[in-house]
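Novice:
Chains as they are written, first to last, in the working numbering: chain A, 9 to 353; chain B, 21 to 462.
1. What residues in its chain sit with their C-beta under 6 Å from that of residue 342 of chain A, if we drop five residues either side in the sequence?
2. Looking only at its own chain, which residues have a Cβ that is under 7 Å from the Cβ of residue 168 of chain B, when we skip the five neighbours before and after it?
3. Can the beta-carbon of residue 42 of chain A be found less than 7 Å from the beta-carbon of residue 72 of chain A?
4. Residues of chain B with a CB under 9 Å from the CB of residue 83 of chain A: which are they?
5. Closer than 7 Å by C-beta to residue 426 of chain B: which residues in its own chain qualify, once you throw out the five before and the five after it? Chain order, please.
6. Pull up the DSSP beta-bridge partners for residue 89 of chain B, would you.
7. Quick one: using the 10 Å Cβ neighbour count with 16 as the cut-off for buried, is residue 98 of chain A buried or exposed?
8. Residues of chain E with CB under 9 Å from residue 186 of chain A, in chain order?
9. Excluding five sequence neighbours on each side, which residues of the same chain lie with their C-beta closer than 7 Å to the C-beta of residue 151 of chain A?
10. Which runs of the alpha helix (DSSP H) fall wholly inside the segment 172 to 230 of chain A and span at least 4 residues, in chain order?
11. Going by the DSSP bridge assignment, what does residue 300 of chain A pair with across the sheet?
12. Would you mind working out which of A/44, A/50, A/40, A/35 sits nearest residue 401 of chain B, comparing C-alpha positions?
13. Output needed for residue 361 of chain B: all residues of its chain with C-beta closer than 7 Å, excluding positions within five of it in sequence on either side, in chain order.
14. Using a Cβ-Cβ cut-off of less than 7 Å, list which residues of the segment 47 to 74 of chain A approach chain B; keep chain order.
15. In chain order, what are the residue ranges of uninterrupted alpha helix (DSSP H) at least 4 long that sit wholly in the segment 73 to 158 of chain B?
16. With three or more C-beta pairs closer than 8 Å as the rule, is the segment 125 to 140 of chain A touching the segment 239 to 254 of chain A?
17. Give me the chain A residues within the contact set of residue 143 of chain B, using Cβ-Cβ distance strictly less than 7 Å, ordered along the chain.
18. Check residue 334 of chain A in the structure and name its three-state DSSP category.
19. Using a Cβ-Cβ cut-off of less than 9 Å, list which residues of the segment 211 to 232 of chain B approach chain A; keep chain order.
20. Which bits of chain A does residue 271 of chain B rub up against, with CB to CB less than 7 Å?
21. Tell me the DSSP secondary structure of residue 463 of chain B in three-state form.
22. Which value, in whole angstroms, describes the spacing of the CA atoms of residue 335 of chain A and residue 322 of chain A?
23. Excluding the 5 residues flanking residue 331 of chain A on each side, which residues of the same chain have their C-beta closer than 8 Å to its C-beta?
24. Measuring straight from C-alpha to C-alpha, what distance separates residue 29 of chain A and residue 252 of chain B?
25. Excluding the 5 residues flanking residue 464 of chain B on each side, which residues of the same chain have their C-beta closer than 7 Å to its C-beta?
26. Exposed or buried, what is residue 65 of chain B when buried is set at 16 or more other beta-carbons lying within 10 Å of its beta-carbon?
27. Taking a Cβ distance cut-off of 9 Å, strictly less, list which residues of the segment 111 to 130 of chain A are near chain B, in chain order.
28. DSSP three-state label for residue 250 of chain B, please.
29. Mind listing the chain B neighbours of residue 260 of chain A? Cutoff is C-beta to C-beta under 8 Å, in chain order.
30. Express the C-alpha separation of residue 37 of chain A and residue 329 of chain B in angstroms, rounding to a whole number.
31. Does the separation of the CB atoms of residue 378 of chain B and residue 447 of chain B fall below 7 Å?
32. Name the residue from A/227, A/161, A/149 whose alpha carbon lies nearest to the alpha carbon of residue 203 of chain A.
33. Per DSSP, which one or two residues make a beta bridge with residue 396 of chain B?
34. If we call anything under 7 Å between Cβ atoms a contact, is residue 165 of chain A one with residue 294 of chain A?
35. Residue range of the alpha helix (DSSP H) that residue 244 of chain A falls in?
36. Is the Cβ of residue 316 of chain A closer than 7 Å to any Cβ of chain B?
Below is the structure:
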């Protein structure tokens with residue numbers, strides 16, 4: 009009598025195992041990668057599932073680095089077909105891919121993403137230079153030609169044109185790709201304004217990177233977690249605070265928060281597309297050529313992503329906040345995708 | 021009793037009414053009062069905090085269960101629909117899926133607003149409606165093919181921006197450039213509204229569909245099924261193994277250093293952060309056994325590892341609570357140790373074991389962190405059909421929506437939290453009911 013549950017369990021276990029071993033060929037595209045590209049990738053996946061006979065692809069949000077690691081782990085059903093990235097693939101990652109037999113990778117650039125500084129509409133709009141941003145947020149700064157721990161407490165100590173308010177910046181944590189891009193574009197851009205730093209760059213590259221990229225830890229920069237909605241909410245509650253996040257969140261909440269001017273230009277759709285706005289980065293996805301034709305629908309997914317319906321001026325991706333490629337660049341990318349031209353090493 | 025032996029030191033008579041004694045008494049009462057009021061205060065703070073969370077979730081979430089629809093006279097043009105008179109049902113279904121419904125919608129809109137001719141304006145007009153409006157039209161044709169060629173009023177799903185506007189989440193006061201809806205679109209919505217064509221209804225889509233990038237089309241069904249499949253695996257693994265280990269450790273295992281070590285380890289594991297189990301699951305089930313990523317099977321196995329210590333600990337406590345007299349009586353009547361345990365001890369301790377298991381399951385239901393590691397944090401539209409298909413879970417759905425920029429997802433996040441809370445309350449309620457109904461007092 010008491011043996012029954014045991015036999016049933018063993019049965020279930022065996023069914024489970026047999027299902028695993030006889031798992032059929034995958035008929036669903038698997039995508040991993042950047043959380044910045046995730047909203048766009050999922051929008052395309054959904055439309056692709058709706059308008060074609062293929063299954064809706066599964067899109068995982070793993071971060072750019074995590075996505076590339078999974079992507080490069082090998083060829084075959086167990087490995088993803090496409091990875092999204094909010095930065096270009098590194099040569100070390102190409103090497104890792106090659107070690108695991110992933111030799112032909114197709115790079116598809118999909119557009120731009122602006123990183124904005126914004127504050128509540130109740131406070132006046134701010135006007136930053138990149139050097140102000142670095143001086144406000146770096147751990148060590150240049151004061152009168154000397155490098156010392158960041159002494160600045162209020163914005164107007166850095167630049168008299170800025171308000172006499174405490175420096176309080178809410179931004180992404182170090183694990184975030186947005187943070188990496190912010191450090192690279194805004195902070196490094198700002199610290200290059202100082203000849204002292206440029207002198208260090210020539211002598212000691214590592215020290216230069218550390219000086220330019222390290223953010224202060226004395227409470228002026230508050231890591232607000234990966235959730236940008238949270239930052240938007242906190243900005244509404246505290247008009248003196250400044251937030252750092254992706255352009256799509258500014259667009260979606262433009263009734264309550266305003267973007268700050270950086271180096272004379274506002275973070276608008278046009279300014280980011282025309283590359284007038286400085287703090288913007290390119291977004292990509294990478295396709296495993298070995299999977300095209302094996303997993304059904306990859307070509308069609310590429311076409312859907314690069315179609316006018318998605319990427320055009322009135323396309324649904326533009327509506328989601330993606331800043332599309334200019335037409336000449338788009339034509340090149342379309343050619344690469346259509347002919348599946350892999351990256352050159 | 022009153023006479024005290026002379027040799028003894030006479031006890032000093034205490035005057036309980038002396039001022040110093042009454043001061044002491046007062047002090048003792050005071051400390052008790054302070055302790056009580058501190059306890060009440062901390063409880064009140066906790067309840068207040070809980071209320072704030074609940075009220076904020078409830079007030080933002082409640083509108084997530086409703087949707088906005090706009091009624092429009094739609095001309096089902098026979099030229100666009102095609103000849104469907106003699107089609108069988110399956111033929112009809114595939115044919116209707118291929119109809120250019122967008123065309124029908126645009127023409128019907130232009131019939132209503134004849135002065136809208138510019139391409140950009142037509143786009144703006146079309147944007148009042150959700151992509152889901154197309155399936156509304158398709159459904160009408162499918163339900164009654166004889167309507168083709170006629171003009172019928174159809175209630176169409178409004179886009180998220182219109183929905184937000186009607187729910188008061190987009191302010192009309194701010195400048196046009198600062199809101200997602202233009203003045204022109206506002207005028208159109210107002211016109212529909214004056215004609216009484218705009219209505220709010222229960223959002224059944226929310227309960228029946230999977231994830232979507234469009235807030236008005238997003239639903240929790242696929243996440244709920246994913247959670248169910250995951251918990252099923254978790255239960256099937258952790259319950260028998262957990263109860264078996266508890267019986268062995270409590271009834272059969274010798275008491276020595278080795279079993280002590282095991283006990284300490286089990287207690288320790290119960291306190292290990294759940295993300296660690298996620299890493300373990302990733303290393304063993306995905307990287308070593310090579311089970312598919314994002315599958316409820318892997319999620320269930322991982323959560324089973326996490327739930328096991330909870331079940332073992334509660335099951336051991338329940339088994340220990342069965343009085344020895346029952347066991348001794350059974351053994352006295354000639355039952356073997358095995359028979360004693362399985363015929364008497366286990367049934368008597370079952371209510372306690374079930375309570376503990378349900379609480380462990382409820383904990384597993386609310387877990388996100390381990391699922392992050394094994395790829396269940398994913399955008400999944402299709403409802404999973406088995407434990408090997410990619411799926412997500414309810415708390416993960418909450419996490420994904422909370423991270424989405426669209427305003428419409430704010431209320432969906434809170435609505436999904438409410439559904440998750442409802443499940444947790446049901447499970448914990450069941451645990452309490454089981455305990456009260458079946459628990460025996462010795």
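Every residue, glycine too, gets a C-beta built ideally from N, C-alpha and C.
Specialist: This is what the structure gives:
1. Closer than 6 Å at the Cβ level, and outside the excluded window around residue 342 of chain A, lie 314.
2. 96, 98, 101, 104, 161
3. yes
4. By Cβ distance, chain B contributes nothing, its closest Cβ being about 14 Å from residue 83 of chain A, past 9 Å.
5. 180, 235
6. B/177, B/219
7. exposed
8. Of the protein chains in this structure, namely A and B, none is chain E.
9. 159
10. 185 to 190, 196 to 199, 203 to 211, 213 to 221
11. BP columns for residue 300 of chain A point to A/303.
12. A/50
13. Excluding five sequence positions before and after residue 361 of chain B, the CB atoms of its chain that fall closer than 7 Å to its own CB belong to 267, 271, given in chain order.
14. Of all residues in the segment 47 to 74 of chain A, 47, 50, 51, 53, 54, 57, 63, 64, 66, 67, 68, 69 have a Cβ within less than 7 Å of some Cβ in chain B.
15. 98 to 101, 109 to 117, 121 to 132, 139 to 146
16. yes
17. 322
18. coil
19. 230, 231, 232
20. Residues of chain A passing the Cβ test: none, with the nearest at roughly 14 Å.
21. There is simply no residue 463 of chain B to check, as chain B begins at 21 and stops at 462 in what is shown.
22. Residue 322 of chain A has its alpha-carbon roughly 14 Å from the corresponding atom of residue 335 of chain A.
23. Here the set comprises 119, 120, 121, 122, 255, 277, 280, 281, 288.
24. Unreliable positioning characterises residue 29 of chain A in this predicted model, as indicated by a pLDDT of 40, which lies under 50. The coordinate reading is nonetheless provided below. Whole-angstrom Cα-Cα distance: 21 Å.
25. Limits of chain B in this structure are 21 at one end and 462 at the other, which puts residue 464 of chain B out of reach.
26. exposed
27. Listed by position along the chain: 129.
28. Residue 250 of chain B: helix per DSSP, three-state reduction.
29. 200, 425, 426, 427
30. 37 Å
31. yes
32. A/149
33. None; residue 396 of chain B has no bridge partner.
34. No, they are not a contact pair.
35. Segment 236 to 245, the alpha helix (DSSP H) holding residue 244 of chain A.
36. no
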